[in-house]
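Here this note's numbering is used: the first residue of the sequence shown is 36, the next is one more, and so on.
Ideal Cβ positions, reconstructed from N, Cα and C, are used throughout, including at glycine.
Below you'll find the structure, written out as structure tokens, and then a few comments.
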Amino acid sequence: MLFYKWDSVTTLKVAVSRLRGHAKGWYESLSPPCFVWLHLKSKLLESFPCKLQFGKLFMEAATYVPLPNQKLSEYCFEKVSRLNRLNLAISTENIIDAVIEGISDDGVRMSAREAKFTKLGELANYLDQIGVSGKNESIPPSRGNVSNIGDVNINKKKFGQRLCFVCKGPHLAKFCTQRKTMTGKLNISGLVMSKCVHTCMRCFG
């Protein structure tokens with residue numbers, strides 16, 4: 036192997052010594068025997084084809100998300116590696132989108148999308164600066180909190196426009212200063228108030 040600076044004979048010898056089971060029996064039955072590494076490599080691939088389990092690889096890539104206390108930059112590289120194993124012509128833009136989508140932290144994910152990265156290296160550097168998954172504190176308010184604030188403001192506005200059914204003033208009846216003097220009968224929305232002081236709009240007395 037080039038990495039170890041082995042020649043063809045050494046590579047062949049090491050490869051043969053590591054054959055086990057059916058592969059070892061197959062090699063010993065070769066006639067004539069193979070003495071060239073590249074020739075043996077070709078025969079091995081032909082006799083023992085490695086079937087690509089695309090469905091498994093696809094699910095592993097699609098469902099991969101940052102592990103607890105894992106650096107987001109490491110997650111990024113592993114996610115890209117799994118996507119590349121699919122041997123699909125996925126554009127850099129879509130790979131970046133897939134990496135960002137897998138981040139569970141809403142604040143980090145939204146910030147990464149707003150940055151509009153065009154290179155994987157830029158995204159990896161950004162995630163490396165953030166650090167470990169699950170420890171980001173710069174998270175914007177959730178959508179639920181924003182909605183609640185809006186509802187409170189709307190309710191306050193509506194509250195100021197309500198009219199008192201006692202004196203028609205701009206307040207609720209329970210805050211009316213004239214309600215204690217009410218006697219007799221009044222018909223209010225089909226409900227009868229009779230000889231009693233009321234602080235609500237429904238009476239069954």
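Inter-residue spacing [alpha-carbon to alpha-carbon] between L73 and L80: As a first step, residue 73 must be located in the sequence shown, where it is residue number 38. As a first step, residue 80 must be located in the sequence shown, where it is residue number 45. Rounded to the nearest angstrom, the two C-alpha atoms are 11 Å apart.
Residue range of the unbroken alpha helix (DSSP H) whose run includes K114: The residue you call residue 114 lines up with position 79 of the sequence shown. Start and end: 107-119.
Same chain only: Cβ atoms within 7 Å of P139, ignoring 5 sequence neighbours per side: Locating residue 139 in the sequence shown gives position 104, counting from the first residue. Sequence check: residue 139 is Ser here, not Pro. Once the five neighbours on either side are set aside, the close Cβ partners of S139 are V100, P101.
Close beta carbons around T127, own chain, < 8 Å, minus the five adjacent residues each side: Residue mapping note: residue 127 aligns to position 92 of the sequence shown, counting from 1. Taken in chain order, the residues that qualify are T153, K154, L155.
Minimum C-alpha distance to V167 - residue among P103, V49, D42, E95: Reading the sequence shown from its first residue, position 132 is the one you call residue 167. For the residues P103, V49, D42, E95, the minimum Cα distance to V167 belongs to P103.
Backbone CA spacing between P68 and C85 [nearest angstrom]: Looking up residue 68 in the sequence shown gives position 33. Looking up residue 85 in the sequence shown gives position 50. Looking at the two C-alpha atoms, the distance is approximately 23 Å.
Nonlocal neighbours in the same chain, by C-beta distance under 8 Å from F112, ignoring five residues either side: Here residue 112 corresponds to residue number 77 of the sequence shown, with the count starting at 1. Around F112: A159.
Identity of the residue in K76, K40, S43, W41 nearest L54 by Cα: Taking the sequence shown and counting its residues from 1, the one referred to as residue 54 is at position 19. L54 has its Cα closest to that of K76, out of K76, K40, S43, W41.
Boundaries of the alpha helix (DSSP H) in which T127 is found, first to last residue: For this step, residue 127 is matched to residue 92 along the sequence shown. Segment 127-136, the alpha helix (DSSP H) holding T127.
Through-space distance from Q88 to G137, alpha-carbon basis: Within the sequence shown, the letter at position 102 stands for residue 137. Within the sequence shown, the letter at position 53 stands for residue 88. Going from the Cα of G137 to the Cα of Q88 covers about 22 Å.
Coarse secondary structure for V143, derived from DSSP in three states: Reading the sequence shown from its first residue, position 108 is the one you call residue 143. Helix at V143.
Nearest neighbour of A133, chosen from T98, K59, A58 [CA to CA]: Counting from one through the sequence shown, the residue named residue 133 turns up at place 98. The shortest C-alpha separation from A133 is found at T98.
Identified DSSP bridge partners for V167: As a first step, residue 167 must be located in the sequence shown, where it is residue number 132. DSSP output for V167 lists K106 as bridge partner(s).
Candidates G90, S66, W61: closest to L123 by CA position: The sequence position of residue 123 within the sequence shown is 88, counting from 1. Residue G90 is the option with its Cα nearest to L123.
Sequence-distant residues of the same chain with beta carbon closer than 8 Å to V115, five excluded per side: Within the sequence shown, residue 115 is the residue found at index 80, counting from 1. Cβ within range, chain order: I130, V134, L155.
Rounded C-alpha distance that separates V49 from W41: Along the sequence shown, one-based indexing puts residue 49 at 14. Along the sequence shown, one-based indexing puts residue 41 at 6. Between V49 and W41, the C-alpha separation is close to 10 Å.
Where A150 falls: helix, strand or coil (DSSP): In the sequence shown, residue 150 corresponds to position 115, counting from 1. Correct three-state label for A150: helix.
First and last residue of the uninterrupted alpha helix (DSSP H) at K86: The count along the sequence shown starts at 1 and reaches residue 86 at position 51. No alpha helix (DSSP H) holds K86; DSSP gives it neither H nor E.
Start-end ranges of the alpha helix (DSSP H) lying completely within the segment 37-85, minimum 4 residues: 43-52, 56-63, 72-82
Proximity to K59 [Cα-Cα], best of T45, V44, S43, S82: What you label residue 59 is simply residue 24 of the sequence shown in a count that begins at 1. That would be S82, whose Cα lies nearest to the Cα of K59.
Chain-order list of residues whose beta-carbon lies under 8 Å from that of R148 (same chain, five-residue window excluded): Counting from 1 along the sequence shown, the entry for residue 148 is found at position 113. Answer for R148: I135, listed in chain order.
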